[in-house]
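In UniProt numbering, the protein residues as written are 1 to 510. Using N, Cα and C, we set each Cβ at its ideal position, and we do this for glycine too.
Encoded structure:
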């Protein structure tokens, strides 16, 4: 239950027994080097809660020196789940209208599982009645939340095995009618997307490899040392460049191989000479000397006027500028010693990849060229240009992932402009989860016949500070990490769930 505050730590002597205590089913606590405060028995947890409440009770000031009208931070105590109810948290929260503590809200969190038999779940009506009896109310409202893992559905099963990429969708709706009710098409839905670049199953994996080579060159330009990736072709880099100069390479194959690979991404068939040079060199160079030899060969042919290759108008890399000068026989002698060779190749790759990204985003009508200006500006250092291009690639991964695996319409994918806005103000973070509103009808085929990752209903009564709620929740994974639950010893066809119930009660001091 991630919404809870961090519980207050207790003295190690107080929890010494908890180191060796076992849960009611004989399973030990889950203890790791990074474990937080250890769980207590319910009896000791209730003692802490009682002392906490006593400290806030204005009627007990003559007995408790620390009694104060100033509320302490919320208290949450981890419990070991060894009692019959399976209590895993106890909490206390002071109510303080007008900055005066007048009451205390007590929370109890129980968790049981794993549960395989769905018929053993209680009914929604019973959850309502328990709430009504506990709080002496006649009417309640309900609110439901559900979360689905779209990468875990049968439609896209095994798509991102061993990947950190996830596509979760959160639903909220009211007027719930039954436990595990499927989110209606009128519910509010939000996609939570996190994509890790470099997955071999990604439709844009090849362009990521180009970006990866750019990152290697940028690091080499910064440190003076380059860790060359494994060559993708067994041919000599100089021989491949010589074939390009002589026009004997299979240009059609090279053009296709250098584009974003996918049936739904527009391919570029207009690679100019510099871009074709980049495509060949990134696959064959394995050392700094390879880069120097290849670029020297090209510059020699340009200087002698042996070739006058075509380049895109507006190309900003230094090689393209030299090619333009060679048209008028005004090309100067250029040295590729030191870091000059790395810088020249880096500039060529930047130009090529920038044009690839423009080709996709503009071609799919996702944005305008002006909107991409931050990612494509050439007035910053090459290393910074590469970092901005890395951000843009992450946006591309997000867009293509949803297009490939969720078949989202063009209108829906325009929401990814919010991702572009995010990266204009924030550093690259592939662990960031992008939240995008979406109509349930656009993804209904991916969740309506699937099991939710999490399903929760809240039964609510009262208003304002008098509002109380009972939460009944199902998870497919243990919702707490300080208690070790039994796990099935074999693969089951049925879905395994864990049932969490959060209830509360109020005690007034006045």
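- Rounded to whole angstroms, residue 347 and residue 234 show a C-alpha spacing of 25 Å.
- Nearest to residue 354 by alpha-carbon distance, out of 316, 166, 323, 333, is 316.
- Excluding its 5 nearest sequence neighbours in each direction, residue 368 has C-beta neighbours in its own chain below 8 Å: 362, listed in chain order.
- Secondary structure note for residue 455: it is in no alpha helix (DSSP H), and the uninterrupted beta strand (DSSP E) holding it is 454 to 461.
- In the structure shown, residue 191 adopts extended strand secondary structure according to DSSP, grouped into three states.
- Within the model, the alpha-carbon separation for residue 56 versus residue 72 is close to 8 Å.
- Just so you know, the alpha carbons of residue 419 and residue 207 end up roughly 19 Å apart.
- Within the segment 190 to 240, the alpha helix (DSSP H) runs of at least 4 residues that lie entirely inside it are, in chain order, 205 to 223.
- Beyond the five residues adjoining it in sequence on each side, residue 509 comes within less than 8 Å, by CB distance, of 56, 57, 58, 59, 101, 102, 103, 104 in the same chain, given in chain order.
- Between the alpha carbons of residue 86 and residue 126 lies a gap of roughly 19 Å.
- The beta carbons of residue 471 and residue 502 sit closer together than 8 Å.
- For residue 179, the CB contacts under 6 Å within the same chain, skipping 5 residues up- and downstream, are 121, 124 in chain order.
- Excluding five sequence positions before and after residue 283, the CB atoms of its chain that fall closer than 7 Å to its own CB belong to 231, 232, 233, given in chain order.
- Comparing alpha carbon positions, the residue from 226, 374, 187, 304 closest to residue 175 is 187.
- The alpha-carbon of residue 500 is positioned some 26 Å away from that of residue 435.
- Nearest C-alpha to residue 429 among 204, 205, 395: 395.
- Per the DSSP secondary-structure output, residue 111 pairs in a beta bridge with 500.
- Counting only residues of its own chain and dropping the five nearest sequence neighbours on each side, residue 287 has a CB closer than 8 Å to the CB of 228.
- The shortest CA-to-CA distance from residue 45 to any of 376, 189, 89 is the one to 89.
- Closest in C-alpha terms to residue 112, from the list 93, 136, 91, 82, comes 82.
- The segment 334 to 341 makes contact with the segment 286 to 306; the number of CB pairs closer than 8 Å reaches 3 or more.
- Beta-bridge pairing by DSSP links residue 76 to 91.
- Residue pairing from DSSP leaves residue 510 without any beta-bridge partner.
- Residue 441 is a Cβ neighbour of residue 185, given a cutoff of 8 Å.
- Its chain contains 88, 89, 502 as the residues whose beta carbon lies nearer than 6 Å to that of residue 109, once the 5 sequence neighbours on both sides are disregarded; these appear in chain order.
- Residue environment for residue 210: buried (at least 16 other C-beta atoms within 10 angstroms of its C-beta).
- Non-local C-beta neighbours of residue 393 in its own chain, meaning closer than 6 Å and more than five positions away in sequence, comprise 211, ordered along the chain.
- In the displayed model, residue 144 falls within a strand according to three-state DSSP.
- Listed in chain order, the non-local C-beta contacts of residue 505 below 6 Å within the same chain comprise 106, local neighbours out to five positions each way being set aside.
- Beta-bridge annotation (DSSP): residue 171 is paired with 146, 189.
- Residue 360 and residue 377 have their C-alpha atoms roughly 18 Å apart.
- Looking at the DSSP output, residue 468 bridges to 461.
- Under DSSP, no beta-bridge partner is assigned to residue 138.
- By the Cβ neighbour-count rule, residue 310 is exposed, with fewer than 16 other Cβ atoms within 10 Å of its own.
- The alpha carbon of residue 401 has as its nearest neighbour, out of 80, 271, 136, 191, the alpha carbon of 191.
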